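Those protein sequences? They're chains A, B, C, D, E and F, same order as listed. Heads up: the first sequence at position 52 corresponds to 52 in my numbering, and the numbers run straight through without jumps. Heads up: the second sequence at position 191 corresponds to 433 in my numbering, and the numbers run straight through without jumps. Heads up: the third sequence at position 160 corresponds to 644 in my numbering, and the numbers run straight through without jumps. Heads up: the fourth sequence at position 117 corresponds to 843 in my numbering, and the numbers run straight through without jumps. Heads up: the fifth sequence at position 144 corresponds to 1112 in my numbering, and the numbers run straight through without jumps. Heads up: the sixth sequence at position 72 corresponds to 1282 in my numbering, and the numbers run straight through without jumps. Every residue gets a Cβ at the ideal spot worked out from N, C-alpha and C, and that includes glycine. Bear in mind the structure is a predicted one, so any value in this text is a computation, not a measurement.
Number of protein chains: 6
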Amino acid sequence: MRSSDRKNTDMRAIKITADINKFAMGSALIELGDTKVHCTASVAFTVPRFLRHSNPAQGWLTAEYAMLPSATPTRTKRERPQVGGRSQEIQRLIGRSLRGVIDLHKCPDLTITVDCDVIQADGGTRTAAINGAYVALRMATDKLYRSGRIDSDPIHHKVAAISVGIKDGEYLCDLDYEEDSNIDLDMNVVMTDDGGILEVQGTAENRSFNKEQLAGIIDIAAASIRNIYQCQEQALANLRND
Amino acid sequence: MRSSDRKNTDMRAIKITADINKFAMGSALIELGDTKVHCTASVAFTVPRFLRHSNPAQGWLTAEYAMLPSATPTRTKRERPQVGGRSQEIQRLIGRSLRGVIDLHKCPDLTITVDCDVIQADGGTRTAAINGAYVALRMATDKLYRSGRIDSDPIHHKVAAISVGIKDGEYLCDLDYEEDSNIDLDMNVVMTDDGGILEVQGTAENRSFNKEQLAGIIDIAAASIRNIYQCQEQALANLRND
Amino acid sequence: MRSSDRKNTDMRAIKITADINKFAMGSALIELGDTKVHCTASVAFTVPRFLRHSNPAQGWLTAEYAMLPSATPTRTKRERPQVGGRSQEIQRLIGRSLRGVIDLHKCPDLTITVDCDVIQADGGTRTAAINGAYVALRMATDKLYRSGRIDSDPIHHKVAAISVGIKDGEYLCDLDYEEDSNIDLDMNVVMTDDGGILEVQGTAENRSFNKEQLAGIIDIAAASIRNIYQCQEQALANLRND
Amino acid sequence: MRSSDRKNTDMRAIKITADINKFAMGSALIELGDTKVHCTASVAFTVPRFLRHSNPAQGWLTAEYAMLPSATPTRTKRERPQVGGRSQEIQRLIGRSLRGVIDLHKCPDLTITVDCDVIQADGGTRTAAINGAYVALRMATDKLYRSGRIDSDPIHHKVAAISVGIKDGEYLCDLDYEEDSNIDLDMNVVMTDDGGILEVQGTAENRSFNKEQLAGIIDIAAASIRNIYQCQEQALANLRND
Amino acid sequence: MRSSDRKNTDMRAIKITADINKFAMGSALIELGDTKVHCTASVAFTVPRFLRHSNPAQGWLTAEYAMLPSATPTRTKRERPQVGGRSQEIQRLIGRSLRGVIDLHKCPDLTITVDCDVIQADGGTRTAAINGAYVALRMATDKLYRSGRIDSDPIHHKVAAISVGIKDGEYLCDLDYEEDSNIDLDMNVVMTDDGGILEVQGTAENRSFNKEQLAGIIDIAAASIRNIYQCQEQALANLRND
Amino acid sequence: MRSSDRKNTDMRAIKITADINKFAMGSALIELGDTKVHCTASVAFTVPRFLRHSNPAQGWLTAEYAMLPSATPTRTKRERPQVGGRSQEIQRLIGRSLRGVIDLHKCPDLTITVDCDVIQADGGTRTAAINGAYVALRMATDKLYRSGRIDSDPIHHKVAAISVGIKDGEYLCDLDYEEDSNIDLDMNVVMTDDGGILEVQGTAENRSFNKEQLAGIIDIAAASIRNIYQCQEQALANLRND
């Protein structure tokens, strides 16, 4: 049995609050259990050099991921002079996941930077970051569209993510830090709202796994991800009603 | 007249919430108008090399200051590969101010790292950081004392800080970002609760000032700082009552 | 139809030559089509700080991945001052894959560094690197065992990897650079010789995929990986016969 | 009593030699007791990016501060890869002080870089740097004006600086290294020749101070600074007579 | 007597294989005893900023030198964040030597980057690099000329290099790693095929030397370098016959 | 004819002033024409890690070379984050030259750091640095010996250096910056006072040279270097007489 009376296939309590930043075009604080990630989407009206002369014109979206030093049980040093390997891996995943649901040709001449800053880390920061970042991005593109800076809605799907693990042959959904430390297999699944998979990343920690388990994981992830869409929509709806 | 019906000698609304982090030994979120700083005090049971063999033994306290990229009206790049000059100046000020009220000989063999991460920046981030950091530090030393890791309370004074400016000959207390951009003189004052001054830093932006103005600034700062002590005490009292 | 008369489920010609370096304890050059990776395993008789006092004692294995500047169609700058995000991602994958088949408790007090330097890059460098690195590692642990530096064979499984993609609904095994540039889904699969999966990493480039496709990919990967084991074994056998 | 028969309100012997560099547009060597700083003002006919399109056009002035490794009793490492926090703080102070007396709108399209390299450090290097840098700057702007590169004299005031400390309740002017190590309060004061204050920076090291002491410090600083103006003028006069 | 029955004035077995890289415009693998260097010449159709507006127009040639970590008896760390002093010295030598035999005014608007990556290091890597790099460069300029990207052959001489040492008064040609470790004088000589010297670099390790010895070294170097030209020509001839 | 009525085989006016720094154990300012280099030798009572356990014990000597930004006709940026290739090459040369005349086994457990900071650069900075550094080193070892920190004089030879060039077939001794910019061959020669050569470094800029010219250069260098020894001795003698 997991701690906190959670069933194996339950994800933790999730709460997304949109528009938590005065300056960024879109923003959301996501709380997934004790994990908290501050997500913002900032827009600059320029594109990186490698897209300057692309034809047809297209915009760009990039993500950065970092932790506050006090986000972890033992204080983590700020990543200087350079982003660490783990953070690079995560911010590349966030960027790919969001680019998977936005048509950047509909955002010519602008760059959206999504910042995911982990305020508190209790496992699942990369999936929480994707879930919160989608809300921040959605807010930002809505504003761009309403203000006429872009001509059509560039987002063609919702996106959300969840981790599913296997421990002693049992599936465990949405691993917290302690569970993650003792898991046999840790898989992150990113899906769109038509049920398609955008990304899977799974690593066997102690024992290898098989394709039947892989399929089982996808099913569990799909169920949780449907809940996350609702939570994302609610956060955005609250915002529109303000 | 300032925006928001604030009188020239009024500081902005201030709110400090203690214990906002699951992992750090002490923590506080300070809101000073629209400025928000996440302050934590983390403790490691070791000291830097230059204090390894100090006699008598003493601990150390150091501060780091950073901004989330989305804290500013235009997104600020993360400071890599190195901390920028302004951040260095600020984190050195925070460290000196806190070291001014703690007896590190009463904290042998431990290092307290205070992290001040600006969530939103609307002027006065360095003074807000000192005010919030004091609460985080106080929480941390209380826990160290209660748990027997240190033998006596090492903090001998409260410390708080405020900025006071001069514009067209008028004093302005607690400058926000817009006021700060057009000021003639910007002074930061750090004081202890016996009325002593720990640090003054003042820079004439457009025209020089004189010693009578310097004295006037100290008076205004002292009045605001008394309010800040109350706010700090309230945050700590709420915590003890929980 | 693919170029070079390759069937969709065929991998490219693979050739592994062991013992190609005078100094490293283990070494192999792997050629996978036009991709060439120089793999070595070097041993140092010390462990990183975080394992100094581990109980029971264990050794460590780490991997580094880099490209010669001339490995790519357009010259690639050397990664300075820091390893790029993509290289970090790859070298972390190589390290995890090899650690997945070695019992580091059987290698106390030593660190194995696997270097994978891409001499020529035509797609699939990360899977080629894993396949060649296994041979270099196997050579190194054999020498350690024969010389009495370790007491038992620490490697409990063979490991190999292959990429499988999906293009217009068709599976394509072992993508070369050109195929990789236009693929809908690119998946890397790392497996052990008991048929277990150690790692999957898949990214939808243009359209999302489903769990049936995921299962299909595993089947194709498994078939190719069985061929790779034979090639690895042949390289090691040639060596022993010299 | 201080060492060297200096009265508490006396500054150390000061000597400024102008035009000590063949290449820089302005230069001065300042000796303040045993402290020696090599100051130069170099001019480039371009402005930093953030001023490229300023309207009205304006130039820029920036300062750099560094120490020769052998300037200090124990050899100091060169600051690489980055400028240290203390040097950043000092060079920012030098830059602000000089910008406080020059009208950069009278220097369109050019950047003046002031380099202050400490040859020998015996306390007071930041104030010595400001005093010497003013002479180098004055030389450089005189040359720019005489050669017609600028249309009018951009310097509207003289500037000079001095440190004043408090030890056991007594004021001490122009602290040397040994005095600085045991001081209760160390204040740096930068003033213009109309008696105005440009910058104050004061830090209580052991005990806090009050506003009466602050006023006392300003008086002592003002007296010394009047001497420094004479020394600066003499250095420039010698130059013109050559 | 040297190891391996080599006479003192003999260089080691040398083998150059041209065209060993699919992507670079020119390439060669040079083996000099157990030393192996992978040399490529890549061409970009742009020039560095400092040559942008040169009149008459000219191209540029630059060299980079690095070692694979496993090239040395003890694994060498990759040079990050920066190129080490020794590598800088060597790559500057390679660049100067090649620029000494090419007329860059005949290569306007293009930059040739020569990469010398040491696969295995057993002494003499810098001279091996020059010898192999010449072949790669020759291949690249031939292709540029044949394809009409340049109007005439820019290479006006062949260039080759060899080391000669002195040990106990005896000359030793082409030092391997072990010999190099105990030498009294180590000299590198770069010559063109008209017998002229392009560069000498000699360092006394234990005892100083005189000008007669310097002359003797030049004679021995000249003889070996004539052999190297033949080897370079053979590699290029094989290529043309393919 | 050279500027300034200098004959081709004349070096420029040379002046060495010893003991110009209050803190370093040895120091000298060398002026060679308009080139000025500030040389110091600092001593630390420790050795680098690679010599910690050397048997027999030995000390270490290392050199650093840098330019003040204003040392050159156009201001040179400070070398950050890293030492540039040219400076590395020069500081390695200075270190080797000095290590060539000192027996480090006579200096166990200490490290001498020689800093050569170019105050003004008009050609020949590397040879000036060696000449001045020898005086600083000599002062430092004399003090170490007199104070009993070392048991015998570790310096067994004097060392000095000079550049000699060839222009249109004529030898030119001690090139200044302008001459150096148009030279056919630039050679630096480092010699000991027994007439031995410690190091030669020569680069053909426009046309190659031959061994007869090499011999001619050595003769000219030797004559100038004899003058430099006298100048070094005079600087040290003045010191002893003070």
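field: Residues that L1354(F) contacts on chain D, provided the C-beta gap is smaller than 8 Å
entry: In the sixth sequence, counting from the first residue as 1, residue 1354(F) sits at position 144. Taking the beta carbon of L1354(F) as reference, no residue of chain D falls within 8 Å; the closest one sits roughly 15 Å away.
- prompt: Can you tell which of H347(B), P315(B), P298(B) has its C-alpha closest to the C-alpha of Y419(B)?
  reply: Within the second sequence, residue 419(B) is the residue found at index 177, counting from 1. Comparing Cα-Cα distances from Y419(B) to each of H347(B), P315(B), P298(B), the minimum goes to P315(B).
- prompt: Is it right to say N448(B) is buried, meaning 16 or more other beta carbons lie within 10 angstroms of its own, or is it exposed?
  reply: On the second sequence, residue 448(B) is found 206 positions in, with the first residue counted as 1. Looking at its Cβ environment, which holds fewer than 16 other Cβ atoms inside 10 Å, N448(B) is exposed.
message: For R1114(E), count the other beta carbons within 10 Å of its own beta carbon; 16 or more makes it buried, fewer makes it exposed. Which is it?
response: Numbered from 1 along the fifth sequence, position 146 holds the residue referred to as residue 1114(E). The residue is exposed, with fewer than 16 neighbouring Cβ atoms inside 10 Å.
- request: Can you say whether T288(B) is buried or exposed, counting buried as having 16 or more other CB atoms within 10 angstroms of its CB?
  value: Position 46 of the second sequence, counting from 1, holds the residue named residue 288(B). The Cβ neighbour count for T288(B), taken over all protein chains shown within 10 Å, is under 16; the residue is labelled exposed.
message: DSSP has T519(C) in a bridge; who is on the other side?
response: Within the third sequence, the letter at position 35 stands for residue 519(C). Per DSSP, the beta bridge partners of T519(C) are L516(C).
query: Counting only beta-carbon atoms, is I1435(F) nearer than 8 Å to chain E?
result: For this step, residue 1435(F) is matched to residue 225 along the sixth sequence. When Cβ-Cβ separations below 8 Å define contact, I1435(F) makes no contact with chain E.
- request: Identify every residue that forms a DSSP beta bridge with K561(C).
  value: Looking up residue 561(C) in the third sequence gives position 77. For K561(C), which the question treats as bridged, DSSP gives no partner whatsoever.
- prompt: Going by DSSP, which residues form a beta bridge with L1153(E)?
  reply: Locating residue 1153(E) in the fifth sequence gives position 185, counting from the first residue. DSSP, once it has assigned bridges, lists I1134(E), A1172(E) as partnering L1153(E).
message: According to DSSP, is A1108(E) part of a helix, a strand, or is it coil?
response: As a first step, residue 1108(E) is located in the fifth sequence; it is residue number 140 there, counting from the start. Helix, per DSSP.
query: Would you say L1019(E) faces chain F, with C-beta separation under 8 Å as the test?
result: Counting from one through the fifth sequence, the residue named residue 1019(E) turns up at place 51. Cβ-Cβ to chain F under 8 Å: no for L1019(E).
message: Counting only C-beta atoms, is P1266(F) closer than 8 Å to chain D at any point?
response: Counting from one through the sixth sequence, the residue named residue 1266(F) turns up at place 56. At least 8 Å separates the CB of P1266(F) from every CB of chain D.
query: Roughly how many angstroms separate the alpha carbons of R818(D) and G327(B), rounded to a whole number?
result: Counting from 1 along the fourth sequence, the entry for residue 818(D) is found at position 92. Counting from 1 along the second sequence, the entry for residue 327(B) is found at position 85. Roughly 8 Å separates the two Cα atoms.
task: Work out the CA separation of A1346(F) and S768(D) for me, nearest whole Å.
output: Your numbering for residue 768(D) matches position 42 in the fourth sequence. Your numbering for residue 1346(F) matches position 136 in the sixth sequence. When rounded, the distance between both Cα atoms is 30 Å.
query: What is the DSSP secondary structure of F978(D), counted as helix, strand or coil?
result: The first residue shown for chain D is 727 and the last is 968, placing residue 978(D) beyond what the model contains.
query: Interface residues of chain F around A866(D) at Cβ under 9 Å?
result: Residue numbering aside, residue 866(D) sits at position 140 when the fourth sequence is read from its first letter. Neighbours of A866(D) on chain F: none; closest Cβ ~11 Å, over 9 Å.
- prompt: What are the residues that DSSP puts in a beta bridge with Q604(C)?
  reply: As a working mapping, residue 604(C) is identified with position 120 in the third sequence. DSSP lists K520(C) as the bridge partner or partners of Q604(C).
- request: Please look up how many angstroms separate the CB atoms of S554(C) and A992(E), rounded, as I've assumed it's under 8 Å.
  value: Numbered from 1 along the third sequence, position 70 holds the residue referred to as residue 554(C). Numbered from 1 along the fifth sequence, position 24 holds the residue referred to as residue 992(E). Right, their Cβ atoms sit about 4 Å apart.
task: Below 8 Å on the Cβ atoms is my guess for R322(B) versus P81(A); work out the distance and round it to an integer in Å.
output: Taking the second sequence and counting its residues from 1, the one referred to as residue 322(B) is at position 80. Taking the first sequence and counting its residues from 1, the one referred to as residue 81(A) is at position 81. Confirmed, about 6 Å.
field: Exposed unless 16 or more other CB atoms sit within 10 angstroms - verdict on H280(B)
entry: As a working mapping, residue 280(B) is identified with position 38 in the second sequence. Looking at its Cβ environment, which holds 16 or more other Cβ atoms inside 10 Å, H280(B) is buried.
task: Using only alpha-carbon positions, find the residue among L1320(F), A1447(F), N1341(F), T1413(F) that is nearest to L1261(F).
output: The residue given as residue 1261(F) occupies position 51 in the sixth sequence. The residue with the shortest Cα to Cα distance from L1261(F) is L1320(F).
task: Report the option in G579(C), S538(C), I701(C), R559(C) whose CA atom is closest to the CA atom of E548(C).
output: Looking up residue 548(C) in the third sequence gives position 64. With distances taken between Cα atoms, E548(C) lies closest to G579(C).
task: For F45(A), decide whether its Cβ has a neighbour in chain B, counting only Cβ atoms nearer than 8 Å.
output: Locating residue 45(A) in the first sequence gives position 45, where the first residue counts as 1. False, the Cβ-Cβ gap to chain B never drops below 8 Å.
field: Own chain, CB closer than 6 Å to D606(C), minus 5 neighbours either side, in chain order
entry: What you label residue 606(C) is simply residue 122 of the third sequence in a count that begins at 1. If we look at D606(C) and ignore the five residues flanking it on each side, its Cβ neighbours are G517, D518, T519, D660, Y661.
- request: Can you grab the Cα-Cα spacing for the pair P154(A) / C1084(E), in whole Å?
  value: Counted from its first residue, the first sequence places residue 154(A) at position 154. Counted from its first residue, the fifth sequence places residue 1084(E) at position 116. Taking the straight line from one Cα to the other gives about 47 Å.
query: So the alpha helix (DSSP H) A1205(E) belongs to, where does it begin and stop?
result: Taking the first residue of the fifth sequence as 1, we reach residue 1205(E) at position 237. Where A1205(E) is concerned, the enclosing alpha helix (DSSP H) starts and stops at 1179-1209.
- prompt: Taking DSSP as the reference, what is the three-state secondary structure of K499(C)?
  reply: Residue 499(C) sits at position 15 when you count from the first residue of the third sequence. K499(C) sits in a strand when the DSSP states are folded into three classes.
- prompt: In this structure, what does DSSP give as the bridge partners for T113(A)?
  reply: Counting from one through the first sequence, the residue named residue 113(A) turns up at place 113. Per the DSSP secondary-structure output, T113(A) pairs in a beta bridge with S42(A), T62(A).
- request: Answer yes if the region 169-189 of chain A comes into contact with the region 8-15 of chain A, meaning at least three C-beta pairs across the two stretches below 8 Å, and no otherwise.
  value: Taking one beta carbon from each stretch, the region 8-15 of chain A and the region 169-189 of chain A have 3 or more pairs nearer than 8 Å; the two touch.
field: 8 Å contact criterion, which L1424(F) and L1182(E) should meet: CB distance rounded
entry: Mapped onto the sixth sequence, residue 1424(F) falls at position 214. Mapped onto the fifth sequence, residue 1182(E) falls at position 214. L1424(F) to L1182(E), Cβ: 6 Å. Contact.
message: In this structure, how does DSSP classify A402(B) when only helix, strand and coil are distinguished?
response: Here residue 402(B) is taken as the residue at index 160 of the second sequence, counted from 1. The answer is strand: DSSP assigns A402(B) an E or B state.
Proximity below 8 Å, CB of H156(A) to CB of D219(A): Within the first sequence, numbered from 1, the residue matching residue 156(A) stands at position 156. Within the first sequence, numbered from 1, the residue matching residue 219(A) stands at position 219. Inclusion of H156(A) and D219(A) in the CB contact set at 8 Å is not warranted, their separation being larger than that value.
query: Per DSSP, which one or two residues make a beta bridge with L414(B)?
result: Against the second sequence, residue 414(B) aligns to sequence position 172. Its beta-bridge partners are G407(B).
query: When the distance is taken between beta carbons, is I845(D) closer than 8 Å to L787(D)?
result: In the fourth sequence, counting from the first residue as 1, residue 787(D) sits at position 61. In the fourth sequence, counting from the first residue as 1, residue 845(D) sits at position 119. By the CB criterion at 8 Å, L787(D) and I845(D) fall outside the cutoff.
task: Could you check if R1194(E) is buried or exposed, using at least 16 other CB atoms within 10 Å of its CB as the buried criterion?
output: Residue 1194(E) sits at position 226 when you count from the first residue of the fifth sequence. By the Cβ-count criterion, R1194(E) is exposed, with fewer than 16 other Cβ atoms from all chains shown falling within 10 Å of its own Cβ.
query: Taking all protein chains shown into account, do 16 or more other C-beta atoms lie within 10 angstroms of the C-beta of R1017(E), making it buried, or fewer, making it exposed?
result: Looking up residue 1017(E) in the fifth sequence gives position 49. R1017(E) should be labelled exposed.
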